[in-house]
Structures are given as C-alpha cells and as structure tokens.
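So the sequence lines, in the order shown, correspond to chains A and B.
The numbering of the first sequence is this note's numbering, which starts it at 7 and goes up by one.
The numbering of the second sequence is this note's numbering, which starts it at 103 and goes up by one.
These notes concern the structure reproduced below.
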Amino acid sequence: GQSLEQPSEVTAVEGAIVQINCTYQTSGFYGLSWYQQHDGGAPTFLSYNGLDGLEETGRFSSFLSRSDSYGYLLLQELQMKDSASYFCAVRPAENNAGNMLTFGGGTRLMVKP
Amino acid sequence: DVKVTQSSRYLVKRTGEKVFLECVQDMDHENMFWYRQDPGLGLRLIYFSYDVKMKEKGDIPEGYSVSREKKERFSLILESASTNQTSMYLCASSPPGTGQYFGPGTRLTVT
C-alpha cells in the first residue's frame with residue numbers, strides 16, 4: 007500500500023522561500039507529482055518528478071529522493087496568490103494500468119504580507 | 103494547453119434523482135478519472151478509465167457508475183442521489199506517466 011505525509015499547514019511571508027515536504031511509504035512507484043488548489047477551485051498540476059533530483063519551473067521547484075522516500079516542493083519569491091493548498095501524489099507501480107494516483111492530505115500554505 | 107471541461111459548475115438535485123455529470127477532455131488522453139473531495143477527507147477516487155469502454159473501481163465506487171463510450175468523454179452517474187453524495191466532484195485526465203489535469207469541478211448538492 008501507499009501512504010503520504012505532508013504538514014497540514016505552513017505560514018510564510020511575501021517574498022520568502024518555503025519548502026513543503028512529502029514523505030511516503032510505498033511498495034514502489036513511478037513518480038511524484040504536485041498540485042495546487044485554491045479555495046473553491048480545482049487542483050492544478052504543477053510538476054512531476056519521474057527521476058531523482060530537482061525539477062524547476064519558474065518560481066516553483068520539486069525534488070525527489072527515492073532512497074530517502076522523500077520529496078519536496080519549493081516555492082520562491084512568495085506572492086499572496088500562492089496562498090493555497092498543495093498536494094503531493096505518487097503513481098503506484100503495482101496494478102496501475104491507468105496512471106492512478108495516491109494523494110497526500112494536502113498542505114495549506116498561508117502567505118502573509 | 104490541456105483543457106478538461108465539466109458540464110456544470112453547480113448542481114442541485116433531489117434525493118432519489120438520477121444525476122449525470124459529464125467530463126470532456128481535448129488532449130486525446132487515454133486515462134480519465136472521477137474524484138470527490140470533501141472537507142477533511144481529501145481527494146477520493148470513485149472510478150477511472152484507461153481506455154474507451156474500460157473502467158476500474160476506485161476507492162469509493164458504491165452508489166456510482168461510469169460510462170466511457172468515446173475517448174474524450176467520461177460520465178459519472180449517480181443512479182439514485184442521496185444526501186451523502188453532496189460533494190465537489192472533480193474530473194481529471196492524463197497521458198501515460200506525468201500528472202493529471204483537472205476540470206473546474208461540479209459542486210453537487212442533494213436535498
């Protein structure tokens with residue numbers, strides 16, 4: 007089975023850097039992805055790490071270390087609009103013909119002025 | 103850009119009614135999914151499909167059925183709506199690998 011753990015809440019100030027961690031216990035998986043969800047909105051796909059290492063997309067970066075069963079999302083130059091919930095998800099390797107994902111519980115990020 | 107659309111943003115139905123939620127994606131993705139999201143319970147997978155006419159149960163399929171007659175369209179059916187099916191319903195699609203692309207969601211209220 008799979009389980010993913012994320013902090014429930016993180017608070018940071020505008021302009022700062024914040025790291026949201028995701029630790030997982032899984033028997034095997036293909037990759038780790040991250041999603042952003044604003045209140046009342048739908049999740050938006052942010053990034054995918056199929057291999058270990060860092061993936062950078064503008065102000066957002068995501069990192070995966072399979073040996074440590076750990077990943078993180080890094081948000082730089084925080085803006086007020088980054089206040090949202092962030093979910094990590096793994097794509098299990100077993101019996102997964104359809105790219106099914108297992109989601110973490112989400113981290114609520116609050117950016118303060 | 104990937105576009106996933108859902109038939110309604112808000113829907114109000116009565117207990118016992120049959121409810122159809124439709125989802126269309128325009129990126130020729132093989133995989134499509136239906137989730138519901140409730141406060142404190144996160145995203146829960148109802149059903150998914152990895153090809154036309156193929157469907158697999160997710161974590162909470164009871165009370166729901168699905169239909170995928172065409173690659174771009176995946177429908178969620180509530181055969182007899184109940185109040186405990188009041189929720190936000192999210193459709194997603196994905197190619198093999200990478201992440202999933204979500205539609206805007208349908209907030210269903212069953213009275």
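Every residue, glycine too, gets a C-beta built ideally from N, C-alpha and C.
Contact the segment 67-79 of chain A vs the segment 22-31 of chain A: 3+ CB pairs below 8 Å: Note that the segment 67-79 of chain A touches the segment 22-31 of chain A; at least 3 beta-carbon pairs, one per stretch, sit closer than 8 Å.
Opposing strand residues paired with A/Ser53 [DSSP bridges]: A/Ser53 is bridged to A/Trp40.
Cβ-Cβ distance between A/Met116 and B/Phe150 below 8 Å: In this structure, A/Met116 sits away from B/Phe150, with a CB-CB distance that is not shorter than 8 Å.
For A/Asp88, three-class secondary structure by DSSP: It is helical.
Own chain, CB closer than 6 Å to B/Gln202, minus 5 neighbours either side, in chain order: So the list reads Ala194, Ser196, once near-sequence residues are dropped.
Distance between beta carbons of A/Thr113 and A/Ser14, contact taken as under 8 Å: A/Ser14 to A/Thr113, Cβ: 7 Å. Contact.
Between the CA atoms of B/Thr185 and B/Val114 - distance to the nearest angstrom: Using only the alpha carbons, I get a separation of about 11 Å.
Secondary structure of A/Asn27, DSSP reduced to three states: Residue state for A/Asn27 is assigned as strand, using DSSP reduced to three classes.
Outcome for A/Ser9 when other beta-carbon atoms lying within 10 angstroms are tallied against a minimum of 16: Per the 10 Å Cβ criterion, exposed.
Closer than 8 Å to chain A by CB, B/Leu145: At least one chain A Cβ lies under 8 Å of B/Leu145.
Members of the segment 162-196 of chain B that neighbour chain A once the beta carbon cut-off is set at 7 Å: Of all residues in the segment 162-196 of chain B, Leu192, Ser196 have a Cβ within less than 7 Å of some Cβ in chain A.
Contacts around B/Asp153, its chain only, beta-carbon distance under 7 Å, and the 5 residues preceding and following it disregarded: So the list reads Glu132, once near-sequence residues are dropped.
Whether A/Tyr36 touches A/Arg97 by CB criterion (8 Å): Closer than 8 Å, so yes.
Endpoints, beta strand (DSSP E) assigned at B/Met190: Its beta strand (DSSP E) spans residues 189-196.
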